[in-house]
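Read through the structure below, which is laid out as structure tokens, and then see the notes.
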Amino acid sequence: MDCEHPHHLDAALAALGDDPAATVLAGGTDVMVDLSFGQPHPVHVIALRRVVESAEWQEGRIGAGVTYRRLERGPPGALAQASRTVGSPQIRNTGTIGGNVATASPAGDTLPVIAACDAAIEVASRDGGVRVVSWADFFTGVKQTSLRPGELVTAIVFPDPMPAHHEFAKIGVRNAMVISMVSACVTRSEDGTTRVALGSVAPTPLRATAAEEMISAETNPGESALTEFSRLVSAAVRPITDHRGTESYRRHASGVLARRLLERCLRREPR
Ligand SMILES: Cc1cc2nc3c(=O)[nH]c(=O)nc-3n(C[C@H](O)[C@H](O)[C@H](O)COP(=O)(O)OP(=O)(O)OC[C@H]3O[C@@H](n4cnc5c(N)ncnc54)[C@H](O)[C@@H]3O)c2cc1C
Numbered sequence: 033m034d035c036e037h038p039h040h041l042d043a044a045l046a047a048l049g050d051d052p053a054a055t056v057l058a059g060g061t062d063v064m065v066d067l068s069f070g071q072p073h074p075v076h077v078i079a080l081r082r083v084v085e086s087a088e089w090q091e092g093r094i095g096a097g098v099t100y101r102r103l104e105r106g107p108p109g110a111l112a113q114a115s116r117t118v119g120s121p122q123i124r125n126t127g128t129i130g131g132n133v134a135t136a137s138p139a140g141d142t143l144p145v146i147a148a149c150d151a152a153i154e155v156a157s158r159d160g161g162v163r164v165v166s167w168a169d170f171f172t173g174v175k176q177t178s179l180r181p182g183e184l185v186t187a188i189v190f191p192d193p194m195p196a197h198h199e200f201a202k203i204g205v206r207n208a209m210v211i212s213m214v215s216a217c218v219t220r221s222e223d224g225t226t227r228v229a230l231g232s233v234a235p236t237p238l239r240a241t242a243a244e245e246m247i248s249a250e251t252n253p254g255e256s257a258l259t260e261f262s263r264l265v266s267a268a269v270r271p272i273t274d275h276r277g278t279e280s281y282r283r284h285a286s287g288v289l290a291r292r293l294l295e296r297c298l299r300r301e302p303r
């Protein structure tokens with residue numbers, strides 16, 4: 033096995049341009065699991081760990097190589113909350129936001145945050161330059177993205193300013209080291225604009241747009257508006273039944289979780 037350790041993005045993009053079939057390795061927390069489950073061993077690995085640009089974090093532009101460890105200690109809010117729920121300290125020390133996005137698992141915990149915040153994915157290649165892809169165009173199916181051969185995820189770009197309130201939570205069979213059965217992120221701006229994104233309930237992160245429209249029109253949502261919001265979220269999701277949970281439980285839990293997060297947003301002072 034040939035393993036390259038470029039120190040700069042240009043060198044990483046050049047290596048991938050020469051061999052678009054090479055295995056890209058960031059923290060390795062997904063790659064190594066795949067290998068343990070019988071994926072063919074890679075012939076050529078491009079390891080991104082030493083790429084200095086990858087670890088850069090400037091305001092809303094978060095380098096693909098930023099780890100959960102750094103995110104959970106970053107500005108308080110949904111992304112820090114989501115990062116805190118990922119795996120164990122060992123996983124959070126090495127796993128990256130870029131790896132989460134590139135893996136595109138329906139259960140990826142940063143994905144609902146990215147979707148609710150309308151963040152974009154910055155990608156680059158040696159021959160194609162830089163593209164900024166909206167989250168909705170980036171995630172195309174279960175573990176499927178619109179990343180082209182030779183492209184790397186270089187950053188996740190969040191809006192500046194972020195919505196005043198943003199909250200994330202997930203439900204699993206236990207509190208730690210758990211893949212989510214349902215995850216959700218709700219954002220609310222000072223003008224009442226509300227966004228709600230769900231994870232683990234569809235092939236890609238999903239926005240409950242009817243619920244968003246209804247609740248955004250409510251300046252001070254009361255019990256009936258919150259109940260309707262919850263109902264519309266439950267109606268929007270497209271879950272499956274699997275070993276982690278049933279379709280009906282996930283549908284019910286989506287509405288409950290989204291309502292809880294909205295209530296937290298409504299109680300909070302601006303960040
Ligand atoms: C025990 C355990 C618990 C876990 N718990 C959770 C959890 O609670 N929540 C959760 O969301 N995930 C969880 N995961 C999954 C994993 O930790 C995350 O998906 C992580 O973000 C992957 O990042 P990484 O840097 O380790 O990626 P890697 O494993 O290095 O790469 C993952 C994939 O992305 C590609 N890739 C990586 N970086 C780039 C890039 N910059 N450009 C293009 N392609 C790239 C790789 O080629 C590979 O296909 C868990 C994993 C383990 C092993």
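Be aware that the sequence shown starts at 33, since it is given in my numbering, and climbs by one per residue.
No residue lacks a Cβ here, since even glycine has one placed at the ideal position from N, Cα and C.
Nearest residue (CA-CA) to residue i, options the options
| i | options | result |
| --- | --- | --- |
| glycine 130 | Ser115, Pro121, Gln122 and Ala285 | Ser115 |
| aspartate 34 | Gly70, Leu143 and Pro74 | Pro74 |
| alanine 187 | Glu255, Val155, Ser232 and Phe261 | Val155 |
| serine 221 | Pro144, Cys297 and Thr99 | Cys297 |
| threonine 251 | Gly224, Ala268, Arg81 and Ala257 | Gly224 |
| glutamate 91 | Gln113, Met194, Asp51 and Ala285 | Met194 |
| leucine 45 | Val63, Gln113 and Val185 | Val185 |
| asparagine 125 | Pro72, Ser232, Ser212 and Leu103 | Leu103 |
| valine 218 | Arg93, Ala134, Thr135 and Ile146 | Ile146 |
| proline 211 | Trp167, Gly106, Asp192 and Asp274 | Correcting the residue identity first, residue 211 is isoleucine in this sequence and not proline. When each option's Cα is compared against that of isoleucine 211, the closest is Asp274. |
| valine 205 | Ala196, Thr117, Thr226 and Thr142 | Thr117 |
| arginine 299 | Asn207, Arg282 and Pro253 | Pro253 |
| alanine 134 | His284, Thr61, Ile272 and Leu41 | Thr61 |
| proline 52 | Glu88, Arg180 and Val63 | Arg180 |
| lysine 202 | Arg282, Glu260 and Gly106 | Arg282 |
| alanine 43 | Leu143, Arg82, Val63 and Leu67 | Arg82 |
| alanine 196 | Pro107, Arg101, Ala208 and Ile153 | Pro107 |
| glutamate 88 | Leu67, His284, Leu41 and Met246 | Leu41 |
| alanine 208 | Arg105, Pro121, Ala47 and Leu67 | Pro121 |
Neighbourhood of residue i by C-beta distance below 7 angstroms, restricted to the same chain and skipping five residues each side
| i | result |
| --- | --- |
| aspartate 159 | Gly49 and Gly182 |
| proline 235 | Pro138, Gly173 and Val174 |
| serine 178 | Val165, Asp169, Phe170 and Thr172 |
| threonine 128 | Ala58, Gly59, Ala96, Gly97, Val98 and Thr99 |
| phenylalanine 69 | none |
| isoleucine 272 | Glu279 |
| glutamate 260 | Met246 |
Residues sharing a beta bridge with residue i, DSSP
| i | result |
| --- | --- |
| leucine 184 | Ala156 |
| threonine 99 | Thr128 |
| phenylalanine 190 | According to DSSP, phenylalanine 190 bridges with nothing at all. |
| glutamate 199 | Val218 |
Whether residue i touches residue j by CB criterion (8 angstroms)
| i | j | result |
| --- | --- | --- |
| phenylalanine 190 | alanine 151 | yes |
| alanine 242 | leucine 230 | no |
| valine 77 | histidine 39 | no |
| serine 286 | valine 265 | yes |
| glycine 109 | histidine 198 | yes |
| methionine 213 | glycine 277 | yes |
| arginine 270 | leucine 294 | no |
| serine 262 | valine 228 | no |
| alanine 249 | alanine 268 | no |
| threonine 226 | glutamate 244 | yes |
| threonine 55 | valine 63 | yes |
| alanine 136 | glutamine 176 | yes |
Own chain partners of residue i with C-beta closer than 6 angstroms, once the 5 adjacent residues on each side are dropped
| i | result |
| --- | --- |
| valine 162 | Ala156 |
| glycine 140 | Asn132 |
| leucine 258 | Arg291 |
| serine 86 | Leu80, Gly95, Ala96 and Gly97 |
| leucine 111 | Leu103 and Val145 |
| aspartate 93 | The residue you asked about is not aspartate; residue 93 is arginine in the sequence shown. The residues are Ala187 and Val189. |
| alanine 148 | Cys217, Thr219, Arg227 and Ala229 |
| threonine 142 | Ala114, Ile129 and Asn132 |
| arginine 101 | Arg124 and Asn125 |
Beta-carbon contacts of residue i that lie in its chain and below 8 angstroms, excluding the five residues immediately before and after
| i | result |
| --- | --- |
| histidine 284 | Ser266 |
| aspartate 192 | Glu91 and Gly92 |
Could you tell me which uninterrupted beta strand (DSSP E) segments, each at least 3 residues in length, are contained entirely in the region 215 to 282, listed from first to last along the chain?
-> 226 to 231
Can you check the region 144 to 177 for any beta strand (DSSP E) of at least 3 residues that lies completely inside it and give the ranges in chain order?
-> Counting whole runs of 3 or more residues, the region 144 to 177 contains the beta strand (DSSP E) stretches 152 to 157, 161 to 166 and 171 to 173.
Runs of beta strand (DSSP E) lying entirely within the region 35 to 103, each at least 3 residues, in chain order | Counting whole runs of 3 or more residues, the region 35 to 103 contains the beta strand (DSSP E) stretches 55 to 57, 76 to 79 and 93 to 95.
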